[in-house]
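Here the sequence shown is numbered in this note's numbering, starting from 8 and rising by one per residue. Backbone N, C-alpha and C define an ideal beta-carbon position, used for all residues, glycine too. All figures in this text were calculated on a predicted structure; none of them were measured in a lab. Here's the structure we're looking at; comments come further down.
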Amino acid sequence: VEAWNNQNGNNLGSLVERFGNVRRSLGRWKRENGINSKERLCVLRSDLEAEYSSGSPDWGKIKYLKSEVAKAFRDEEEYWRQKSKDKWLVAGDNNTSFFHASVKDSRQKNQLLKLVNDTGQEATNANAMGQVAVEYFTSLFSPGDGGDLSVMFDGFTARVTAEMNERLTREVTDVEIREAVFGIKASSAPGKDGLNGLFFQKYWDIIGPDITKEIRTFFTTGTFPQEWNVTQLCLIPKVISP
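Dropping the structure here:
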């Protein structure tokens, strides 16, 4: 809440800036609290071994450390399960090594070694391949000279009634915006801000009013901040070993 409402002078800043504040605060919190499950496992195992080796072990502490080790195992397994996207195998049986191998195998299969641009030139390094991809999608989504397309609809029978059109063009409501957000898959791939659907759904009571305001402004004015249009390209091969 503090990171979201952090003011720069008298200005709260744009949504993008505020999401950046949240991301940085979460990163600091994770580092300060040792949330990394792999690192926690090493520390907990060391503490457990030290307690067992002491002359008079504290069995209450040993029980606590064992429960923390089990929790760290579950967290580590869940992390790799999410990375692997293998949904047919449920967590709970210490399948971390399987999920890790699945992620590694998927990365190897999806690795792109080169891209070819429109002139037939090959790009093999990351920067050049990125430029080829950007140029392709820029061209793909740029408006062209389509001419007068009205002739294409000559003879078409109107399907959208006045009543239907009124419903389609009416002002978007807060309820519709919330339903759209909660319709996103919680474990969806995060955007540039690193936040996935679960974050927006879990903390909607805090961030929802500001997001709703921005969305309604877009539907009223037809414009939105340029940084909203920033996206990440992920090229997914359609063949084995591209």
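Query - Pair within 8 Å by beta-carbon distance, ARG35 and ASP200 - result: Here residue 35 refers to the residue found at position 28 of the sequence shown. Here residue 200 refers to the residue found at position 193 of the sequence shown. No. Outside cutoff.
Report task. Work out the CA separation of THR230 and ILE69 for me, nearest whole Å. Result -> Numbered from 1 along the sequence shown, position 62 holds the residue referred to as residue 69. Numbered from 1 along the sequence shown, position 223 holds the residue referred to as residue 230. Between ILE69 and THR230, the C-alpha separation is close to 59 Å.
Query raised in the report: With a CB to CB cut of under 8 Å and the five nearest residues on each side skipped, what residues in its chain are close to LEU119?
Result: Sequence index remark: in the sequence shown, residue 119 carries index 112 (1-based). Excluding residues within five positions, the ones whose Cβ falls inside 8 Å are MET136, LEU242, PRO244, PRO249.
**Report entry** Straight-line gap, ASN13 to ILE213 (C-alpha atoms, nearest Å)
**Finding:** Counting from one through the sequence shown, the residue named residue 13 turns up at place 6. Counting from one through the sequence shown, the residue named residue 213 turns up at place 206. Going from the Cα of ASN13 to the Cα of ILE213 covers about 13 Å.
Query raised in the report: Do SER194 and LEU205 have their CB atoms nearer than 8 Å?
Result: Position 187 of the sequence shown holds residue 194. Position 198 of the sequence shown holds residue 205. For SER194 and LEU205, yes; Cβs fall inside 8 Å.
Query - Option nearest GLU83 by Cα separation, candidates SER74, SER61, LEU48 - result: As a first step, residue 83 must be located in the sequence shown, where it is residue number 76. When each option's Cα is compared against that of GLU83, the closest is LEU48.
Query raised in the report: Is it true that the CB of GLU234 sits closer than 8 Å to the CB of VAL8?
Result: By one-based count along the sequence shown, residue 8 stands at place 1. By one-based count along the sequence shown, residue 234 stands at place 227. No, the pair does not count as a contact, with Cβ atoms beyond the cut-off.
Query raised in the report: Among residues of its own chain, excluding the 5 on either side of ILE184, which ones have a beta-carbon nearer than 6 Å to its beta-carbon?
Result: Here residue 184 is taken as the residue at index 177 of the sequence shown, counted from 1. Once the five neighbours on either side are set aside, the close Cβ partners of ILE184 are THR219, ILE222.
Report task. Confirm, please, whether the CB-CB distance from LEU122 to ALA140 is below 8 Å. Result -> Numbered from its first residue, the sequence shown carries residue 140 at position 133. Numbered from its first residue, the sequence shown carries residue 122 at position 115. Yes, the Cβ-Cβ distance between ALA140 and LEU122 is below 8 Å.
Report task. Report buried or exposed for LEU240, applying the criterion of at least 16 other Cβ atoms within 10 angstroms of its Cβ. Result -> One-based indexing of the sequence shown puts residue 240 at position 233. Answer is exposed; the Cβ neighbour count stays below 16.
**Report entry** Same chain only: Cβ atoms within 8 Å of LEU72, ignoring 5 sequence neighbours per side
**Finding:** Within the sequence shown, residue 72 is the residue found at index 65, counting from 1. Closer than 8 Å at the Cβ level, and outside the excluded window around LEU72, lie LEU51, ASP54, LEU55, GLU58.
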